[in-house]
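Chemist:
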Amino acid sequence: MEQILIDPLTELYEELDYTFIHVCFETVFRNKKINIEFKKQLLNFKKQVDNIPNEIWDYEFIDNHDKWQNYN
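With the working numbering applied, the sequence shown covers 181 to 252.
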């Protein structure tokens, strides 16, 4: 059997992207799983993540690139 290679950063991005699908995102607040006061902060965080250039979605940049350090 061949090994399955999973890139954790890709998985992280995809899960984050899925989380912010409008229906999913709104349902979390409607069902009071997350307090509504965090909604704006979470949307701002998503904008920041979306602004991370594709070329730095790599482990070699996580500890030493300015954008990653700002989000940390």
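C-beta: ideal position from N, C-alpha, C; glycine also.
What are the boundary residues of the alpha helix (DSSP H) that includes Asp-246?
Modeler: 246-251
Chemist: Between which two residues does the alpha helix (DSSP H) harbouring Leu-185 extend?
Modeler: Where Leu-185 is concerned, there is no enclosing alpha helix (DSSP H), given that its DSSP letter is neither H nor E.
Chemist: How is the alpha helix (DSSP H) around Glu-224 delimited, first residue to last?
Modeler: Sequence check: residue 224 is Asn here, not Glu. Here the alpha helix (DSSP H) through Asn-224 covers 219-230.
Chemist: Specify the secondary structure class of Asn-234 as computed by DSSP and reduced to three states.
Modeler: helix
Chemist: Out of curiosity, what's the CA-to-CA distance linking Phe-200 and Ile-232?
Modeler: 16 Å
Chemist: Using C-beta distances below 6 Å, list every residue in its chain close to Lys-213, excluding the 5 sequence neighbours before and after it, in chain order.
Modeler: Taken in chain order, the list of residues that qualify is empty.
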